[in-house]
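Residue numbers are given in the numbering used here: position 99 of the sequence shown equals residue 99, and the series is strictly consecutive.
No residue lacks a Cβ here, since even glycine has one placed at the ideal position from N, Cα and C.
Bear in mind the structure is a predicted one, so any value in this text is a computation, not a measurement.
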Amino acid sequence: MPIRLVLADDHYLVREGVRRLLEMEPELEVAAVCGDLASLLAAVDAERPDVVLTDIRMPPGDADEGIQAAEQLRETHPDVGVVVLSQYTNPGYALALLERGSARRAYLLKERVEDLEQLVAAIRAVAEGGSVIDPKVVDVLVAERARSKESPLNDLTPRERDVLREMAEGKNNAAIAEGLVLSERSVEKVIHSIFLKLGLAWETAVHKRVKAVILYLAEAG
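(1) Can you have a look at Lys171 and say buried or exposed, based on whether 16 or more other CB atoms are within 10 angstroms of its CB?
(2) Give me the residue from Arg20, His77, Thr157 with the minimum Cα distance to Ala46.
(3) Go to Tyr107, then tell me how far its alpha helix (DSSP H) extends in each direction, as first and last residue.
(4) Can you tell me whether Asp55 is buried or exposed? The criterion is at least 16 other CB atoms within 10 Å of its CB, across all chains shown.
(5) Can you check the region 18-58 for any alpha helix (DSSP H) of at least 4 residues that lies completely inside it and give the ranges in chain order?
(6) For Tyr216, count neighbouring C-beta atoms within 10 Å of its own C-beta (all shown protein chains included) and say buried if the count is 16 or more, exposed if not.
(7) Would you mind stating whether Val83 and Val113 have Cβ atoms separated by less than 8 Å?
(8) In angstroms with no decimal places, state the Cα-to-Cα distance between Val80 and Ser193.
(9) Three or more C-beta pairs under 8 Å: does that hold for the region 86-102 against the region 59-72?
(10) In angstroms, rounded to a whole number, what distance separates the CA positions of Met1 and Lys211?
(11) Does Glu166 pass the burial test, meaning 16 or more other C-beta atoms within 10 Å, or should it be called exposed?
(12) What residues in its chain sit with their C-beta under 7 Å from that of Val190, if we drop five residues either side in the sequence?
(13) Quick one: is Ser86 buried, meaning 16 or more other Cβ sit within 10 Å of its Cβ, or exposed?
(14) Roughly how many angstroms lie between the CA atoms of Ile3 and Val52, to the nearest whole one?
(15) Count Cβ pairs between the region 99-112 and the region 128-140 that sit closer than 8 Å; are there 3 or more?
Right, dumping it as structure tokens:
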């Protein structure tokens, strides 16, 4: 079965160009195209796609509608993946996309559209429940955190790496505890230790969790 897509971009030429590229791939099927947030959400309701591929900026606000769509779909269609295409390397946008979980989410720079193989790989990964962050965005975030050539992840114990891997899969503390046969209290202690070692202890609760996951994905990738 092909991966069914809803494509959203408010620029007609861009939208049609991307649609034609995607339709060249036998494993993809473009079920609908749209140009604003409202029509995107309506198309998902009607078509029930596997993945949404959306520009970050669309009407009505031309701000971060792609991320808004991802958040609304997390509530209404949690099994639908979202790939956000953006011109921004600022990690803040990727953090906003992932702050409630990284599963079935991808944040890519628009220039990746020129590399169809990479774009299709990201769509496939999201459809399978994974996460993808554009390497350039990861580089910016890692550069902010790194103070030496040594990865801060090297300081983590095997147990801490296990927990961080589970976090990267979008699991909450209860699910991590169940998967690793630990108490939730033990998981909380391990996560606190991870934040300390990665220099994230003073970040906000949401952002330090997401930044830890992105650092893990950067090394794993």
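With the structure as the only source:
(1) buried
(2) With distances taken between Cα atoms, Ala46 lies closest to His77.
(3) Under the DSSP assignment, Tyr107 falls outside any alpha helix (DSSP H), being part of the beta strand (DSSP E) whose first and last residues are 105-109.
(4) Taking every protein chain shown into account, the CB of Asp55 has 16 or more other CB atoms within 10 angstroms, so this residue is buried.
(5) 37-47
(6) buried
(7) no
(8) 33 Å
(9) The region 86-102 is in contact with the region 59-72.
(10) 35 Å
(11) buried
(12) Arg159, Glu160, Val163
(13) That one is buried.
(14) 10 Å
(15) yes
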